[in-house]
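In the numbering used here, the protein residues as written are 1 to 218. Reading through the structure tokens given below for one structure.
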């Protein structure tokens, strides 16, 4: 009896560590990319202006297109997260973000740049809310505030990565190669979320019983 209780206690203690790898890390990676994409435009603005003869208004259009697509998606994202769950929604949308980054990196004109930027904003629109939704499903309630703080901190690191580290990559590689690399990273992150994150809370997870049965498919 005591042995079973001890084994169960050890399992409960190991569960959060497993979930940090299978739930927190993949979603945090997506939010890292979201903030990196949000900030990187300021760093490459001069290169874009030189390569495409863009005006300040054109650069402003690129920046605002990302934010507009991101903002428009917020209400639909909430509905989609409730209907399909964070795993499917965030992974699918990140595929669009990767496609947008690839279009941006290969663009030959302003309108393709704008389309790529809009797809990026569309694709990362669920990264924060999807993360918080996932945490509420898989982690104990008393840990959710901490995890939300951690994922926002990871987003801040993404914004920092769009400064000196990104500038170090732009020097030898150029902005096109960097965006192609970011596209591949988006697709890899989407794949990791779809392949690693469990579709429903693990048996014994503290919030497993609180999840709607219609959303729990293996």
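Glycine residues also receive a C-beta, built at the ideal position from the N, C-alpha and C atoms.
Item: Between residue 39 and the rest of its own chain, which residues show a CB-CB distance below 7 Å, the 5 nearest in sequence each way excluded?; Value: 159 and 162
Item: In whole angstroms, what separates the C-alpha of residue 55 from that of residue 146?; Value: 43 Å
Item: Please confirm whether residue 137 and residue 152 have their CB atoms less than 9 Å apart.; Value: no
Item: Around the Cβ of residue 33, are there at least 16 other Cβ atoms within 10 angstroms (buried) or fewer (exposed)?; Value: buried
Item: Go ahead and pull the three-state DSSP assignment for residue 189.; Value: helix
Item: Would you kindly report the start and end of the unbroken alpha helix (DSSP H) that includes residue 86?; Value: 86-106
Item: Does DSSP put residue 63 in a helix, in a strand, or in coil?; Value: helix
Item: Distance check for residue 109 and residue 126, CA to CA, integer angstroms please.; Value: 28 Å
Item: Can you give me the C-alpha to C-alpha distance between residue 215 and residue 50, rounded to a whole angstrom?; Value: With a pLDDT of 37 at residue 215, under the threshold of 50, the modelled position of that residue is not reliable, and no figure is offered here.
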